Amino acid sequence: MNKLLYLLIVFPLLGYGQSTKRLTGYVQDAQTGERLIGATLFHPESGKGTTSNAYGFFSLSLPRGKQLVEARFVGYQRTTLELNLQQDTLIVVRLTPGLDLEEVTVKGRHNTSSHPELSNLSFNRINMETIDRIPVILGERDLLKSLQYLPGVKGGRENTTTYNVRGGSDDQNLILLDGVPVYNVSHVFGFFSTFNNDAIKSASFYKGGIPARFGGRLSSVLDISMKEGNMRKASGTFSISPISGRFTYEAPIKRDTASYLISFRRSFIDLPMVLMQKIYDSAQTYGFKFYDFNGKTNWMVNEKNRLYLSIYAGRDKQFHRSEYAGVSTRNHYQWGNLTGVLRWNKLFSPKLFANFSAYFSQYQYEQEAKSNSDETFTEFYTSSKLWDHSAKFDFEYYPATNYTLRFGGKYSHLVFKPNILQVKGNEYNQKFNDQYTNQSDLAELYFENDVQWGDFNINGGGRLSNYFADGEYYLHIQPRLAAGVKLGQGYSLTASYMLMTQHLHLLTNSSLGLPTDLWVASTGKVKPETGYQFALGMEKDFNQTYRAGVEAYYKQMDHVIRFEEGETFVNANENNWEESVLVGQGRAYGSELFVEKRKGRLTGMLSYTLAWSERQFDEVNNRNWFPFKYDRRHDISLMAEYELQTNSSYKKSLSFGFTLQSGNHLSVSDAEMPGIMPPGMQESVWSDLPEWFSTRKTFYEPNNFRMPSFHHLDIGYSSKRKRSNGKIYTWTFSIYNVYNRMNPWYYYKKDNEVRSVSVFPIIPSVSFTYKW
Amino acid sequence: MNKQLITIYTLIKMKVCFTVLCSVVLLSCEQVVGFDYQAERKICLNCILNPDSIVRVDLYYTRTLDETGEFEPVTNATLEFFENGEPWGTANPVSEGNYQLNKKPLEGKTYAVKCTAPGNLPLTAETTVQEKPDVAYVVQSRKKYERWQEGSESSHFYWLLVDYQLKDQNGKDFYWNYTLGWYSPYKKYNYGERVSYISPYIDDFNRVVDPESKNGFYYKLYARLTDAGVDGEQLTFTKDMTTKKIDVFFNADEHYDRYMKSSVQLWLIEEWEELPFKEPVQIYSNIENGTGIFGSASFIYLSFRNE
Chain A
80 MNKLLYLLIV FPLLGYGQST KRLTGYVQDA QTGERLIGAT LFHPESGKGT
130 TSNAYGFFSL SLPRGKQLVE ARFVGYQRTT LELNLQQDTL IVVRLTPGLD
180 LEEVTVKGRH NTSSHPELSN LSFNRINMET IDRIPVILGE RDLLKSLQYL
230 PGVKGGRENT TTYNVRGGSD DQNLILLDGV PVYNVSHVFG FFSTFNNDAI
280 KSASFYKGGI PARFGGRLSS VLDISMKEGN MRKASGTFSI SPISGRFTYE
330 APIKRDTASY LISFRRSFID LPMVLMQKIY DSAQTYGFKF YDFNGKTNWM
380 VNEKNRLYLS IYAGRDKQFH RSEYAGVSTR NHYQWGNLTG VLRWNKLFSP
430 KLFANFSAYF SQYQYEQEAK SNSDETFTEF YTSSKLWDHS AKFDFEYYPA
480 TNYTLRFGGK YSHLVFKPNI LQVKGNEYNQ KFNDQYTNQS DLAELYFEND
530 VQWGDFNING GGRLSNYFAD GEYYLHIQPR LAAGVKLGQG YSLTASYMLM
580 TQHLHLLTNS SLGLPTDLWV ASTGKVKPET GYQFALGMEK DFNQTYRAGV
630 EAYYKQMDHV IRFEEGETFV NANENNWEES VLVGQGRAYG SELFVEKRKG
680 RLTGMLSYTL AWSERQFDEV NNRNWFPFKY DRRHDISLMA EYELQTNSSY
730 KKSLSFGFTL QSGNHLSVSD AEMPGIMPPG MQESVWSDLP EWFSTRKTFY
780 EPNNFRMPSF HHLDIGYSSK RKRSNGKIYT WTFSIYNVYN RMNPWYYYKK
830 DNEVRSVSVF PIIPSVSFTY KW
Chain B
152 MNKQLITIYT LIKMKVCFTV LCSVVLLSCE QVVGFDYQAE RKICLNCILN
202 PDSIVRVDLY YTRTLDETGE FEPVTNATLE FFENGEPWGT ANPVSEGNYQ
252 LNKKPLEGKT YAVKCTAPGN LPLTAETTVQ EKPDVAYVVQ SRKKYERWQE
302 GSESSHFYWL LVDYQLKDQN GKDFYWNYTL GWYSPYKKYN YGERVSYISP
352 YIDDFNRVVD PESKNGFYYK LYARLTDAGV DGEQLTFTKD MTTKKIDVFF
402 NADEHYDRYM KSSVQLWLIE EWEELPFKEP VQIYSNIENG TGIFGSASFI
452 YLSFRNE
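Protein sequences, first through last, are from chains A and B. Here the first sequence stands for residues 80 to 851, where the numbers follow this note's numbering. Here the second sequence stands for residues 152 to 458, where the numbers follow this note's numbering.
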């Protein structure tokens with residue numbers, strides 16, 4: 080381990096030593112001033128290049144004198160800069176949206192040039208425009224559901240936002256919004272994500288070779304960046320779908336210096352309900368609603384300093400009130416996230432870029448139920464809260480064009496109040512679980528070396544975390560290494576290793592993203608999860624038209640948790656959560672293949688995953704391994720788009736989404752045996768003892784039943800019209816589940832019969848977006 | 152509790168499940184599923200050793216869930232027992248599927264069973280008989296039931312507040328506690344299906360929040376107490392009792408404890424049989440090459456009478 084770390088630190092220093100001038104700057108959208116993440120700056124003469132970072136910043140060493148530099152970004156026209164470099168120079172590269180004339184139809188879904196050491200199966204830069212056009216259920220575009228088309232990413236239950244990556248659990252995915260972890264990413268009990276697409280600028284997704292600057296989860300990282308706000312003119316977006324309405328407005332505060340963006344989304348679900356109750360003058364009122372608010376402002380203090388302030392607030396609320404026979408009953412659930420981050424970009428020198436952040440992220444769930452009459456009073460209150468207050472710093476040092484050193488650190492203070500429960504009545508007032516409130520602190524440091532030697536790219540580093548909670552210290556060293564080499568003729572080979580640590584656990588057994596899912600800290604009894612993953616991949620690029628690749632991986636996870644047998648989310652939370660969980664291990668392995676067409680009227684990606692995922696707990700199945708609930712052996716996904724018409728005014732396209740996956744696993748009692756009558760009951764005069772006292776229904780291996788194959792085909796049609804005044808109208812029509820496949824959503828037992836419930840039949844929908 | 156309160160409490164219990172189901176009910180489609188049950192047929196051996204009782208063994212074949220009727224007994228098996236590794240005796244059939252060995256096991260000794268039935272691999276299992284729980288108690292207060300005079304004989308009892316001291320033995324012990332009520336006139340018993348008292352040693356796995364219970368909760372069927380972290384120490388706690396009851400404690404070995412716990416967990420979720428997303432239960436078994444349970448339990452009975 081020490082030798083590996085030594086190599087990771089020392090060998091990149093070999094790349095020093097050229098006498099050059101430094102070209103630094105920012106890449107931004109020429110129309111809006113929005114900084115572009117992952118744009119490529121390429122020096123054709125030397126064949127060297129770099130990409131802009133998360134703040135649009137780049138740094139490139141070039142020979143002194145006249146130089147040509149190409150700037151490129153997906154969806155923007157390529158620009159060639161003619162420079163006369165006599166000294167270190169800071170520039171702003173402005174790219175104009177539109178198709179590159181030389182690459183007329185290059186619309187690759189992903190641009191991986193910012194991570195040449197990773198395959199397209201380990202890293203994806205999500206094209207938000209593509210997400211706008213793919214068919215979706217109920218017209219509600221959703222970043223998290225779109226991810227589920229990627230190989231190795233499998234949804235939990237149909238149409239929910241939770242996902243499992245390469246055999247990991249759904250709590251092993253780090254989801255960052257402007258660098259801030261969001262703890263509950265679902266609305267409407269998991270059916271929709273909390274992310275409003277209109278406010279999102281870009282998203283990057285890692286599931287292998289995760290760089291050392293990210294940590295805290297075992298399986299994947301989704302790094303989402305909000306739009307910054309138009310620096311040049313006021314603009315806005317209004318969208319409407321059968322589920323919600325969205326409004327986004329952005330404008331400069333001072334042109335090219337400061338801007339802001341606000342975006343609001345609210346659901347319509349409650350409106351017809353309330354209307355019906357008014358019409359029928361119902362004694363009961365009930366409904367459900369959710370909203371999101373995104374706000375962001377930024378100020379370029381000068382060319383070396385920039386400040387950002389981002390806020391996100393989202394909330395769901397379900398309520399029910401009734402008056403009957405003198406008894407008043409009120410019941411409501413509400414939950415939501417609140418996040419805020421203040422960031423300061425500082426350019427210390429042409430070679431040293433830094434970002435300092437302070438953020439908070441809060442998740443709160445509460446449920447209150449009251450019943451009052453003249454004589455009786457009952458109140459039930461439960462709440463869960465999680466606060467995360469953190470400060471972090473990130474440096475990027477560019478000593479040479481082919482070498483970037485990143486380093487930084489973070490300190491977090493977390494407070495958990497899981498499931499505080501109170502029951503009150505006329506004569507009692509009982510509170511539970513108050514004693515399980517706990518606090519934890521996490522300090523982390525990382526370094527990352529990004530090196531390029533000709534066609535060989537490597538990103539190596541490590542992360543050191545020190546976690547303190549419940550009187551226990553946990554120190555973890557997490558080495559990371561990813562390497563890629565271009566072999567010629569379009570072939571490339573990649574390999575990666577990562578060791579990850581996760582200090583938080585999510586208590587859930589529904590995998591729906593329910594508000595009652597609890598994030599809890601590691602404790603003396605429930606240790607942090609750790610895991611490592613190896614991945615080895617090969618890709619072939621066919622003249623930039625087709626790309627195909629394959630990647631195999633093996634992942635081992637320790638200290639993974641699951642609910643104890645018999646627990647349900649209904650009663651588990653009434654206990655100390657530590658008593659309700661089991662700690663064990665997991666392993667997952669498999670391979671992923673993809674073929675992508677990037678040019679032409681028909682573009683898209685077809686992928687196949689062959690995977691295994693298993694778990695082992697000492698208390699379950701006599702310590703034997705058994706299949707993980709989401710061990711889906713086969714997964715075929717297709718996402719494609721066919722352009723019907725494209726010109727400066729119109730863009731019309733058809734899109735397709737198809738998924739065919741092995742079903743999830745379930746534990747289903749399939750055997751019955753005589754049981755021993757429990758003590759006390761033999762002697763009892765009780766009669767009519769339920770049958771289940773004298774027999775036992777069981778299964779010999781957990782997750783012994785595989786649900787039927789899961790598949791659906793979705794079709795979408797998108798028509799985008801751009802008027803001469805710059806206003807854009809987009810209609811999107813979708814049909815979800817075209818052939819009405821009734822995929823089972825869950826099973827339950829009634830009257831000795833097992834019944835399956837399917838939730839999503841064929842569902843047509845339409846949505847409309849207006850931009851100005 | 153009036154109907155409205157029951158309704159709200161039901162809602163509370165169902166929590167978001169109710170709302171989730173309401174949310175999807177308009178779209179959902181339900182159908183009965185025909186399962187092809189393919190569980191392997193095994194021999195189920197059930198035997199709990201008790202120092203107060205001779206050894207009784209039940210031996211039946213398991214069946215798949217879609218089979219009905221009686222369980223098929225295993226009639227031609229040979230059951231050999233071993234005590235601390237030495238042959239102890241062979242159980243004889245007393246009826247179809249039931250075998251008996253006319254010996255009582257001793258506390259602290261380890262017993263093994265080997266069951267040979269033609270056409271099957273031999274079944275084996277082992278258990279160590281636990282010491283009986285060492286429980287002392289002091290009745291702290293005694294108060295006559297408020298309606299003693301009004302009611303029938305069943306209302307003739309006292310409220311008691313009782314201090315308990317459970318002297319734990321060294322090593323892992325798994326205590327279970329339940330109550331039996333005398334069914335007048337003291338000849339039959341009624342099983343108390345809930346236990347409600349506060350003790351730091353109780354495992355909360357079967358705790359049910361109930362606004363009507365004195366403490367706001369109760370333990371379904373049994374209270375399970377463990378000596379985790381307090382091995383060999385004195386466990387003290389206080390309980391509300393009444394006269395005309397027997398307070399029963401038993402000390403189970405690890406296997407029977409896990410079998411009991413998984414059974415109670417199963418019964419808890421059987422009560423919520425229409426509830427989705429419950430974590431299913433696999434009944435614990437320590438029988439090699441078969442299923443069932445070979446465990447042990449040692450009981451004590453504390454009687455509280457009016458006299």
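Think of the CB as a built atom: it goes at the ideal place given N, C-alpha and C, for glycine as much as any other residue. The structure presented is a predicted model; accordingly, all values stated were derived computationally and were not measured.
Short Cβ contact (8 Å threshold) for ALA750 (chain A) with LEU216 (chain B): By one-based count along the first sequence, residue 750 (chain A) stands at place 671. By one-based count along the second sequence, residue 216 (chain B) stands at place 65. With respect to the 8 Å criterion, ALA750 (chain A) and LEU216 (chain B) are classified as neighbours on the basis of their beta carbons.
Backbone secondary structure at PRO497 (chain A) - three-state DSSP: Taking the first sequence and counting its residues from 1, one reaches residue 497 (chain A) at position 418. Under the three-state reduction of DSSP, PRO497 (chain A) is assigned to strand.
Rounded C-alpha distance that separates GLU422 (chain B) from VAL415 (chain B): By one-based count along the second sequence, residue 422 (chain B) stands at place 271. By one-based count along the second sequence, residue 415 (chain B) stands at place 264. Between the alpha carbons of GLU422 (chain B) and VAL415 (chain B) lies a gap of roughly 11 Å.
Neighbour list for ARG147 (chain B) in chain A, Cβ cutoff strictly below 7 Å: With chain B running from 152 to 458 in the structure shown, residue 147 (chain B) is simply not present.
Within chain B, the residues that VAL845 (chain A) reaches when beta carbons sit closer than 7 Å: One-based indexing of the first sequence puts residue 845 (chain A) at position 766. Near VAL845 (chain A) there are no residues of chain B at all, since even the closest Cβ is about 18 Å away, more than 7 Å.
Under 8 Å between C-beta atoms of PHE400 (chain B) and VAL264 (chain B): To locate residue 400 (chain B), count along the second sequence from 1; it is residue 249. To locate residue 264 (chain B), count along the second sequence from 1; it is residue 113. One thing to note: PHE400 (chain B) has its Cβ no nearer than 8 Å to the Cβ of VAL264 (chain B).
Classification of VAL245 (chain B) by the beta-carbon crowding that lies within 10 angstroms, buried from 16 upward: The sequence position of residue 245 (chain B) within the second sequence is 94, counting from 1. It counts as exposed.
3-residue-minimum beta strand (DSSP E) runs that sit fully inside the segment 192-264 of chain A, ordered along the chain: Whole beta strand (DSSP E) segments, 3+ residues: 202-205, 232-234, 242-244, 252-256.
Cα-Cα separation, ALA150 (chain A) to LEU340 (chain A): In the first sequence, residue 150 (chain A) corresponds to position 71, counting from 1. In the first sequence, residue 340 (chain A) corresponds to position 261, counting from 1. Spanning the two alpha carbons is a distance of roughly 27 Å.
Residue-chain proximity (THR158 (chain A), chain B), Cβ-Cβ < 8 Å: Looking up residue 158 (chain A) in the first sequence gives position 79. For THR158 (chain A), the answer is no, since every Cβ of chain B falls outside 8 Å of its Cβ.
Other residues of its chain near LYS776 (chain A): CB distance less than 8 Å, five sequence neighbours each side excluded: On the first sequence, position 697 is the one that residue 776 (chain A) refers to. For LYS776 (chain A), where only same-chain residues beyond five positions count, the Cβ hits under 8 Å are SER748, ALA750, GLU751.
Collapsed DSSP secondary structure at VAL176 (chain B) in the structure displayed: Position 25 of the second sequence, counted from the start, is the residue given in the question as residue 176 (chain B). Note on VAL176 (chain B): pLDDT 47, under 50, position unreliable in the model; the coordinate value appears next. In the structure shown, the three-state DSSP call for VAL176 (chain B) is helix.
For SER198 (chain A) and THR573 (chain A), believed in contact at Cβ under 8 Å, the rounded distance: Here residue 573 (chain A) is taken as the residue at index 494 of the first sequence, counted from 1. Here residue 198 (chain A) is taken as the residue at index 119 of the first sequence, counted from 1. Correct: roughly 4 Å between the Cβ atoms.
Check whether ILE210 (chain A) and LEU222 (chain A) have beta carbons under 8 Å apart: Within the first sequence, the letter at position 131 stands for residue 210 (chain A). Within the first sequence, the letter at position 143 stands for residue 222 (chain A). Yes, Cβ-Cβ distance for ILE210 (chain A) and LEU222 (chain A) is below 8 Å.
Residues near SER835 (chain A) in its chain [Cβ-Cβ closer than 7 Å; skip 5 each side]: Stepping through the first sequence from its first residue, residue 835 (chain A) is reached at position 756. So the list reads PRO823, TYR826, once near-sequence residues are dropped.
Beta carbon of ALA448 (chain B) nearer than 8 Å to that of ALA403 (chain B): Against the second sequence, residue 448 (chain B) aligns to sequence position 297. Against the second sequence, residue 403 (chain B) aligns to sequence position 252. It is a contact, given that the beta carbons lie within the stated cut-off.
Within chain A, the residues that ILE451 (chain B) reaches when beta carbons sit closer than 8 Å: Locating residue 451 (chain B) in the second sequence gives position 300, counting from the first residue. What ILE451 (chain B) touches in chain A: nothing, since even the nearest Cβ is about 12 Å away.
Opening and closing residue of the beta strand (DSSP E) in which SER728 (chain A) lies: Position 649 of the first sequence, counting from 1, holds the residue named residue 728 (chain A). Here SER728 (chain A) belongs to no beta strand (DSSP E), and DSSP marks it neither H nor E.
With 16 other Cβ atoms within 10 Å as the buried cut-off, status of PRO256 (chain B): The residue given as residue 256 (chain B) occupies position 105 in the second sequence. A residue is called buried when at least 16 other Cβ atoms come within 10 angstroms of its Cβ; PRO256 (chain B) meets this threshold and is buried.
Residues within the segment 350-361 of chain B neighbouring chain A, beta-carbon criterion of under 8 Å: Cβ contacts with chain A: ASP354, ASP355, PHE356, ARG358, VAL359, VAL360.
Contacts around SER436 (chain B), its chain only, beta-carbon distance under 7 Å, and the 5 residues preceding and following it disregarded: The residue you call residue 436 (chain B) lines up with position 285 of the second sequence. Around SER436 (chain B): THR442, GLY443, ILE444.
The segment 733-745 of chain A / the segment 785-804 of chain A touching (three or more Cβ pairs under 8 Å): With the rule of 3 Cβ pairs closer than 8 Å, the segment 733-745 of chain A counts as touching the segment 785-804 of chain A.
Minimum Cβ-Cβ distance from SER837 (chain A) to chain B less than 8 Å: Position 758 of the first sequence, counted from the start, is the residue given in the question as residue 837 (chain A). With a threshold of 8 Å between beta carbons, SER837 (chain A) makes contact with chain B.
Of the listed residues A:VAL530, A:ALA667, A:PRO321, A:ALA548, nearest to ASN517 (chain A) (C-alpha basis): Stepping through the first sequence from its first residue, residue 517 (chain A) is reached at position 438. When only C-alpha atoms are compared, the closest one is A:ALA548.
Straight-line gap, ASN652 (chain A) to ASN498 (chain A) (C-alpha atoms, nearest Å): The count along the first sequence starts at 1 and reaches residue 652 (chain A) at position 573. The count along the first sequence starts at 1 and reaches residue 498 (chain A) at position 419. Note that ASN652 (chain A) scores a pLDDT of 43, beneath 50, so its modelled location is shaky and nothing firm can be said.
Interface flag, ARG666 (chain A) vs chain B, CB-CB below 8 Å: What you label residue 666 (chain A) is simply residue 587 of the first sequence in a count that begins at 1. Not closer than 8 Å to any Cβ of chain B, the Cβ of ARG666 (chain A) fails to qualify, so no.
Spatially closest choice to GLY393 (chain A) from A:LEU426, A:VAL267, A:THR336, by CA coordinates: Position 314 of the first sequence, counted from the first residue, corresponds to residue 393 (chain A). With distances taken between CA atoms, GLY393 (chain A) lies nearest to A:VAL267 out of A:LEU426, A:VAL267, A:THR336.
First through last residue of the alpha helix (DSSP H) which encompasses LYS412 (chain B): The residue you call residue 412 (chain B) lines up with position 261 of the second sequence. For LYS412 (chain B), the uninterrupted alpha helix (DSSP H) segment begins and ends at 405-421.
Proximity test, Cβ basis, 8 Å: TRP216 (chain B) and chain A: Walking along the second sequence from the start, residue 216 (chain B) turns up at place 65. Before going on, a small fix: residue 216 (chain B) reads as Leu here, not Trp. So yes, LEU216 (chain B) belongs to the interface.
Inter-stretch contact (C-beta, 8 Å, three-pair minimum) for the segment 421-431 of chain A and the segment 451-463 of chain A: No: fewer than three Cβ pairs fall under 8 Å.
Under 9 Å (Cβ pairs) to chain A, residues found in the segment 188-200 of chain B: Taking 9 Å as the Cβ-Cβ cut-off against chain A, the residues of the segment 188-200 of chain B that qualify are TYR188, GLN189, ALA190, GLU191, ARG192, LYS193, CYS195, ASN197, CYS198, ILE199.
Residues of its chain near TYR134 (chain A), where Cβ-Cβ distance is below 7 Å and the 5 sequence neighbours each way are ignored: Residue mapping note: residue 134 (chain A) aligns to position 55 of the first sequence, counting from 1. The answer, listed in chain order, is ARG114, ASN424, ASN434.
Buried or exposed by the 16-neighbour rule on C-beta atoms within 10 Å, applied to PHE224 (chain A): Along the first sequence, one-based indexing puts residue 224 (chain A) at 145. It should be noted that the sequence gives Lys, not Phe, for residue 224 (chain A). LYS224 (chain A) is classed as buried because its beta carbon has at least 16 other beta carbons within 10 Å across all chains shown.
Proximal chain B residues relative to ARG821 (chain A), where beta-carbon distance stays under 8 Å: Mapped onto the first sequence, residue 821 (chain A) falls at position 742. Per the sequence shown, residue 821 (chain A) should be read as Met rather than Arg. Within 8 Å Cβ-Cβ: CYS180, GLN182.
Whole alpha helix (DSSP H) elements within the segment 129-167 of chain A, 4-residue minimum: List check, alpha helix (DSSP H) in window: nothing returned.
Min CB distance ASN366 (chain B) to chain A below 8 Å: By 1-based counting over the second sequence, the position of residue 366 (chain B) is 215. Using a CB distance cut-off of 8 Å, ASN366 (chain B) counts as an interface residue toward chain A.
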